[in-house]
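Below: the structure, in structure tokens.
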Amino acid sequence: MDFELSSWPKDDSLWVLRVLCIDFFQLKLVKTTVVLFLMCNALFIFVQTCLFLRSFEIDYFAIYAPYYFGSFYMILSLAQTILATHLNGDALNAVQLWKIQGVDKENTEHIKMEIRITTIYAIVNGIFALLAGIAHMVPSENIKKMCFPLAIIKTYIPYWKDELCFLYMTGYILIALAMVANCNQVVYTTCHFRIQIYIVKSVMKKLLSVKTKNSKDISNMLRTKEFQKDIKTKMVFIIKRINRIIKEGVKVNKQMSIYVMLFAVCGCLLGMGALLFFLVALKLHFEFGINEYLHNGTVVLAGLSTFAAVIISGQKSEDIMEEVRIMWASFPWYVLNYENSKIYLMFLGTLTRSYKIRFTEEVSINYRLGVAIARTLFSMLSVFLQLIKLDR
């Protein structure tokens with residue numbers, strides 16, 4: 001039951017997504033650019049915070065709030081591409097990926113579907129992110145008022161303002177790709193883990209092929225040393241493989257959980273800032289042109305597609321572990337001798353635990369989280385629409 005090891009990343013079946021969320025940010029030129037934009041945005045936030053604290057006005061603050069809070073998300077996204085991108089590769093190398101060969105037809109179809117859907121998602125999401133970055137390269141008059149870095153450049157470096165403003169806005173292409181990279185790394189790594197579990201499920205099907213017609217067959221199996229030895233070898237093989245996948249999955253989950261929490265906090269701040277801006281925009285009667293709709297529309301498309309992919313990926317990871325548990329529980333345990341029965345029951349107990357992509361003890365990435373977030377956004381939208389009616 002030996003499987004040939006896959007040479008990662010050389011034989012990577014999910015290479016399209018890997019290039020967009022990992023390899024791209026390993027290029028020296030990109031790394032240098034990321035560091036420069038990271039330093040620039042950190043400096044702008046520091047200056048902006050000092051000015052807010054020195055002279056605070058709610059209307060003034062609200063206008064800059066979306067970009068101000070959004071800058072924290074940008075900085076975190078850029079920092080993550082430098083500090084944490086290697087964690088995914090480390091986890092996959094530790095798992096020692098198997099090549100997709102010798103797998104039964106049903107699980108092969110599942111694997112092909114996973115690869116096909118993930119590749120299509122990577123292309124579509126990459127296009128959405130690029131469109132969002134390109135849209136932000138051409139700021140409208142309202143965006144120029146909202147984007148504090150542009151105001152600083154125009155105020156303190158007027159001679160080079162056009163060139164520097166253009167360079168800064170060009171960086172939004174890189175920032176847009178970085179802002180979806182963290183979530184896409186979760187999608188990428190969990191998809192690889194699921195593919196490996198599909199391969200193990202193929203081995204489990206062979207183990208489950210044991211058939212008994214009557215009590216005499218069971219008695220013969222219990223007494224046959226060769227049969228019990230073969231069953232033990234297969235069970236130990238399956239247990240070791242699944243435990244390795246679970247171990248590395250839990251490890252990378254813990255390593256990434258701090259970033260997930262920080263992204264969640266920054267995302268909430270961004271949402272609060274955007275809501276505050278719209279309230280002030282209603283009060284001051286801002287006019288929204290096509291540029292604003294392009295900016296918001298492309299960001300929403302990139303955000304929604306990324307959000308949906310992460311939620312679905314988390315739920316599918318839960319589902320496949322439940323499938324493994326059900327398969328293992330369906331094994332005819334009565335044909336096992338005492339030693340094999342202990343091995344079987346110990347692993348069955350291990351599989352009864354819930355294996356989820358967690359970022360707190362209570363919160364996991366699954367459909368339940370997706371519904372909770374959707375309800376929150378719907379509630380915020382309802383409040384916003386009510387405020388529009390009152391303003392009219």
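In this note's numbering, the protein residues as written are 1 to 392.
All C-beta atoms, glycine included, are put in the ideal place defined by N, C-alpha and C.
Keep in mind it's a predicted model, so treat the numbers as computed, not measured.
- Taking each of Leu38, Trp333, Ser257 in turn and checking the Cα distance to Lys356, the smallest one comes out for Ser257.
- Shown here, Trp98 sits in a strand according to DSSP, grouped into three states.
- Short of 7 Å from the beta carbon of Gln228, and not among the five residues preceding or following it, lie these beta carbons of its own chain, in chain order: Asn337, Asn340.
- When only Cα atoms are considered, Gln80 and Tyr259 end up about 8 Å apart.
- Contact between the region 162 to 172 and the region 80 to 94 is absent: fewer than 3 CB-CB pairs across the two stretches fall below 8 Å.
- Close CB contacts of Ile175 within its chain, under the 6 Å cut and outside five residues either way in sequence, are with Met74 (chain order).
- The Cβ-Cβ distance between Phe148 and Tyr198 does not fall below 8 Å.
- The C-alpha of Ala302 is placed about 12 Å away from the C-alpha of Leu294.
- Rounded to whole angstroms, the gap between the alpha carbons of Glu248 and Leu262 is 22 Å.
- Inter-residue distance for Ile120 and Ser305 is about 12 Å (C-alpha atoms, whole angstroms).
- Phe128 and Gln196 have their alpha carbons spaced roughly 29 Å apart.
- Straight through space, the alpha carbons of Lys144 and Val371 are spaced by roughly 35 Å.
- Scanning the region 103 to 141 from its first residue to its last, no whole beta strand (DSSP E) run of 3-plus residues comes out.
- Cβ neighbours of Thr33 within its own chain (closer than 7 Å, five residues either side excluded): Leu174.
- Taking a contact to require three or more Cβ pairs closer than 8 Å, the region 202 to 209 and the region 100 to 119 qualify as touching.
- Shown here for Ile245: same chain residues with a beta carbon closer than 8 Å to its own, the five before and five after excluded, namely Val95, Phe193, Gln196, Ile197, Val200 in chain order.
- Pairing Gly102 with Glu4, the inter-Cα distance amounts to about 10 Å.
- Only exposed fits Gly349, as fewer than 16 other CB atoms lie within 10 angstroms of its CB.
- A direct Cα-Cα distance of roughly 13 Å separates Met272 from Ser71.
- Only residues of its own chain outside the window of five on either side were considered, and among them Thr306, Val310 have a CB closer than 6 Å to the CB of Cys183, listed in chain order.
- The closest CA to that of Lys99, considering only Gly133, Ser7, Ala132, Leu27, is found on Ser7.
- The C-beta separation of Thr118 from Val47 comes to about 41 Å, leaving the pair out of contact by the 8 Å criterion.
- Taking 8 Å as the cut-off, the Cβ atoms of Leu208 and Ile238 do not count as close.
- Closest option to Val300, judged by alpha-carbon separation, among Ala132, Met39, Ile45: Ala132.
- DSSP places Ser330 in the coil class of the three-state scheme, outside both helix and strand.
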